[in-house]
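Enquirer: Protein chains in written order, with the numbering used here: chain X, 5 to 260; chain V, 159 to 398.
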Ligand code: HEM
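1) Below 9 Å between beta carbons is the criterion; list the residues of the segment 204-219 of chain X that meet it against any residue of chain V, in chain order.
2) Helix, strand or coil: how does DSSP classify residue 141 of chain X here?
3) Could you list the residues in the segment 360-394 of chain V with a C-beta less than 8 Å from some C-beta on chain X, going in chain order?
4) Tell me, to the nearest whole angstrom, how far the beta carbon of residue 161 of chain X is from that of residue 182 of chain X; I am working on the premise that it is less than 8 Å.
5) Can you give me the C-alpha to C-alpha distance between residue 351 of chain V and residue 254 of chain X, rounded to a whole angstrom?
6) Just verifying my parser: in three-state terms, what is the DSSP assignment at residue 185 of chain V?
7) Kindly indicate which residue of V:224, V:195, V:180, V:218 has the alpha-carbon position closest to the one of residue 166 of chain X.
8) Quick check on residue 127 of chain X: does DSSP put it in helix, strand or coil?
9) Of all the CB atoms in chain X, is at least one closer than 8 Å to the CB of residue 159 of chain V?
10) Taking its Cβ as the centre, do 16 or more other Cβ atoms sit within 10 Å of residue 26 of chain X, making it buried, or is it exposed?
11) With a cut-off of 8 Å, does the C-beta of residue 302 of chain V fall near any C-beta of chain X?
12) Cα separation between residue 156 of chain X and residue 187 of chain X?
13) Tell me the DSSP bridge mates of residue 171 of chain X?
14) Compute the Euclidean distance between the alpha carbons of residue 261 of chain V and residue 315 of chain V, then round it to the nearest angstrom.
15) Counting only the same chain and skipping the five closest in sequence on each side, list residues whose C-beta sits under 8 Å from that of residue 42 of chain X.
16) Roughly how many whole angstroms lie between the Cα atoms of residue 45 of chain X and residue 217 of chain V?
17) Starting from the C-beta of residue 266 of chain V, find all residues in its chain whose C-beta is less than 6 Å away, skip the five residues before and the five after it, and write them out in chain order.
18) Assuming the contact rule is C-beta atoms closer than 8 Å, residue 221 of chain V and residue 180 of chain X should be a hit. Round their C-beta distance to whole Å, please.
19) According to DSSP, simplified to helix, strand and coil, what is residue 392 of chain V?
20) Helix, strand or coil for residue 341 of chain V, going by three-state DSSP, please let me know.
21) Is residue 148 of chain X close to ligand 1? I mean its beta-carbon at under 7 Å from any heavy atom of the ligand.
22) Check whether the Cβ of residue 297 of chain V lies closer than 8 Å to any Cβ atom in chain X.
23) Should residue 238 of chain V be labelled buried (16 or more other beta-carbon atoms within 10 Å of its own) or exposed?
24) Mind checking whether residue 254 of chain V and residue 152 of chain X have CB atoms under 8 Å apart?
25) Report the rounded CA-to-CA distance for residue 159 of chain V versus residue 252 of chain X, giving the unit in angstroms.
26) If you draw a straight line from the alpha carbon of residue 108 of chain X to that of residue 250 of chain V, how long is it in whole angstroms?
27) Taking only the alpha-carbon atoms, compute the straight-line gap between residue 122 of chain X and residue 283 of chain V and give it to the nearest angstrom.
28) At a cut-off of 7 Å, is residue 195 of chain V close to ligand 1 when judged by its beta-carbon and the heavy atoms of the ligand?
29) Going by C-alpha distance, which of X:172, X:164, X:178, X:191 is nearest residue 228 of chain X?
30) By the 10 Å Cβ neighbour count, where 16 or more other Cβ atoms means buried, how is residue 47 of chain X classified, buried or exposed?
31) Expressed to the nearest angstrom, what Euclidean distance is found between the alpha-carbon atoms of residue 204 of chain V and residue 195 of chain V?
32) Going by DSSP, what residue range makes up the alpha helix (DSSP H) through residue 74 of chain X?
33) Tell me where the beta strand (DSSP E) around residue 353 of chain V begins and ends.
Below, the structure written as structure tokens:
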């Protein structure tokens, strides 16, 4: 026992150890503060937070959970990208491989999918909680606006992923969605006022989304690139802003 | 708004604080673990859906958008696609973004309370529930050709032909619309004069327009279900 303690002490006194861990772990207020500010991940938090804010029944953890699920989706999504090729001749077969051949592939694909649904649910309820606690009121108005953008992006993330398995479910769901785009006033070829401006099936907004007049190989590629690169980067950037603003607007809201 | 920010800072300096480590971080950690466990357990027992290979020649019937858009798909029954698919969601989003700027009531910031903000909370909850109610209908009660079935009925292809729908002639529809929005704006201004004055002219008009549009969707649904009304207003370019 003494030997182990001795070894631990020796280890934590080495130069290597000290270069990695900057402060000791004795439970002092100073170390608790350092634990937050000297850790790049944890310093997202303030060193101290209002007592009411750590109550589960205030935030219900919903914003944090939304972010966590986003991270979960990023990790599982990258793993899925190792197996999945956005080519109409391969995509569906890759899904079957994931479900039956790839070790843990079924769990990977399934949990990525359910996590996507879960994120849509948690983000909606996060919005509800922010509304019910009046947390959008001054000085947090703008963070609410950022939040609404994040809400849209979350829907779009999930929606672009829907087409990727290239099965009947995704194909026809995207058909329904993009046909609504075709009805956009002025910008969609079936929408009001489109004809007057020469907007047709091959130059309207639906065409831009699908990369063609129907859902085909270019649409799959577009969905893939938006889903895996475009929208995650945009939402990631907005999340950084969102968290920054939570801090800059005076920390989490609380009773005045 | 810097005054508010200053007030916030001053307030924060007074409130009782605890260290984030471990009080907050520990809870976040537990939440993350629970979330992962639930997610993995659910995924272990319930497979993600995968239907047959996509086939452009064989439409799914019914073809449904992802569930979170089914509210919009559901109102396609009652409105033309450009309204249901584009105008309604755009107005919802703009309305959501406008909320902090039109709700200037300072009460109820930072805590759950109903009474001090009964108007705001009632309207928001109504919209939230309306959105999900439509999703439930779209998900569980719409079968082939988007025809209505109760959840306990089996979907079949021989449902009764829907009765022919009628449109209001414009001489009736235009006054009806004008009356709806006109009275909708004026009557509350008179009845709740203090409330309207507090909001100010512009905020009052934005708030009431958004509210009337939201209720309008419900009214149109009711008109269709009760009287088979298809359009209220017809123009060469679009119909409402
Ligand atoms: C990807 C989506 C989102 C993520 C990851 C996210 C994350 C967070 C987190 C971690 C917080 C800290 C407090 C908490 O956990 O509740 C927060 C606060 C906040 N969020 Fe979000 N959020 C998202 C979407 C939204 C949406 C849709 C809205 C509203 C429309 C919104 C509005 C706000 C506001 C106003 C605050 C400050 C609340 C306060 O100080 O009490 N956020 N968000």
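Note that CB positions come from ideal geometry on N, CA and C, so glycine has one too.
Expert: With the structure as the only source:
1) 218, 219
2) Within the first chain, the letter at position 137 stands for residue 141 of chain X. Coil.
3) none
4) Taking the first chain and counting its residues from 1, one reaches residue 161 of chain X at position 157. Taking the first chain and counting its residues from 1, one reaches residue 182 of chain X at position 178. At roughly 16 Å, the Cβ-Cβ gap does not stay under 8 Å, so residue 161 of chain X and residue 182 of chain X are not in contact.
5) Against the second chain, residue 351 of chain V aligns to sequence position 193. Against the first chain, residue 254 of chain X aligns to sequence position 250. So the two alpha carbons sit approximately 35 Å from each other.
6) Within the second chain, residue 185 of chain V is the residue found at index 27, counting from 1. In this structure, residue 185 of chain V counts as helix in the three-state DSSP scheme.
7) In the first chain, residue 166 of chain X corresponds to position 162, counting from 1. Answer by Cα proximity: V:224.
8) Counting from one through the first chain, the residue named residue 127 of chain X turns up at place 123. Residue state, collapsed to three classes: helix.
9) If you number the second chain from 1, residue 159 of chain V lands on position 1. Since pLDDT at residue 159 of chain V reaches only 42, below the 50 mark, its modelled position is unreliable, and the value read off the structure follows with that caveat. Yes - at least one Cβ of chain X is within 8 Å of the one on residue 159 of chain V.
10) On the first chain, residue 26 of chain X is found 22 positions in, with the first residue counted as 1. Exposed.
11) Locating residue 302 of chain V in the second chain gives position 144, where the first residue counts as 1. It does not; no Cβ of chain X falls within 8 Å.
12) Residue numbering aside, residue 156 of chain X sits at position 152 when the first chain is read from its first letter. Residue numbering aside, residue 187 of chain X sits at position 183 when the first chain is read from its first letter. Each residue's alpha carbon lies about 19 Å from the other.
13) In the first chain, counting from the first residue as 1, residue 171 of chain X sits at position 167. Residue 171 of chain X is bridged to V:211.
14) Sequence index remark: in the second chain, residue 261 of chain V carries index 103 (1-based). Sequence index remark: in the second chain, residue 315 of chain V carries index 157 (1-based). Residue 261 of chain V and residue 315 of chain V: Cα-Cα distance of roughly 49 Å.
15) The sequence position of residue 42 of chain X within the first chain is 38, counting from 1. If we look at residue 42 of chain X and ignore the five residues flanking it on each side, its Cβ neighbours are 26, 27.
16) Against the first chain, residue 45 of chain X aligns to sequence position 41. Against the second chain, residue 217 of chain V aligns to sequence position 59. Each residue's Cα considered, the two are about 48 Å apart.
17) Taking the second chain and counting its residues from 1, one reaches residue 266 of chain V at position 108. Counting only Cβ-Cβ distances below 6 Å, and skipping sequence neighbours, we find 274, 275.
18) As a working note, residue 221 of chain V is residue 63 in the second chain. As a working note, residue 180 of chain X is residue 176 in the first chain. That belief holds up - the Cβ atoms of residue 221 of chain V and residue 180 of chain X are roughly 5 Å apart, short of 8 Å.
19) As a working mapping, residue 392 of chain V is identified with position 234 in the second chain. Residue 392 of chain V: strand per DSSP, three-state reduction.
20) In the second chain, residue 341 of chain V corresponds to position 183, counting from 1. Helix at residue 341 of chain V.
21) Here residue 148 of chain X corresponds to residue number 144 of the first chain, with the count starting at 1. Residue 148 of chain X Cβ: within cutoff of ligand 1.
22) If you number the second chain from 1, residue 297 of chain V lands on position 139. Residue 297 of chain V does not count as touching chain X.
23) Working through the second chain from its first residue, we reach residue 238 of chain V at position 80. Buried, since its Cβ has 16 or more Cβ neighbours within 10 Å.
24) On the second chain, position 96 is the one that residue 254 of chain V refers to. On the first chain, position 148 is the one that residue 152 of chain X refers to. Yes. Within cutoff.
25) The residue given as residue 159 of chain V occupies position 1 in the second chain. The residue given as residue 252 of chain X occupies position 248 in the first chain. Because the pLDDT at residue 159 of chain V is just 42, under 50, the model does not fix this residue reliably, and the point stays unresolved.
26) On the first chain, position 104 is the one that residue 108 of chain X refers to. On the second chain, position 92 is the one that residue 250 of chain V refers to. C-alpha separation (whole angstroms): 41 Å.
27) Taking the first chain and counting its residues from 1, the one referred to as residue 122 of chain X is at position 118. Taking the second chain and counting its residues from 1, the one referred to as residue 283 of chain V is at position 125. Distance between the alpha carbons of residue 122 of chain X and residue 283 of chain V: 21 Å.
28) Your numbering for residue 195 of chain V matches position 37 in the second chain. Because no heavy atom of ligand 1 lies under 7 Å away, the Cβ of residue 195 of chain V does not count as near it: no.
29) Position 224 of the first chain, counted from the start, is the residue given in the question as residue 228 of chain X. Out of X:172, X:164, X:178, X:191, X:164 has the C-alpha closest to the C-alpha of residue 228 of chain X.
30) Residue numbering aside, residue 47 of chain X sits at position 43 when the first chain is read from its first letter. Exposed, because fewer than 16 other Cβ atoms sit within 10 Å of the Cβ of residue 47 of chain X.
31) Numbered from 1 along the second chain, position 46 holds the residue referred to as residue 204 of chain V. Numbered from 1 along the second chain, position 37 holds the residue referred to as residue 195 of chain V. Taking the straight line from one Cα to the other gives about 14 Å.
32) Walking along the first chain from the start, residue 74 of chain X turns up at place 70. Start and end: 66-87.
33) For this step, residue 353 of chain V is matched to residue 195 along the second chain. No beta strand (DSSP E) holds residue 353 of chain V; the alpha helix (DSSP H) holding it covers 351-357.
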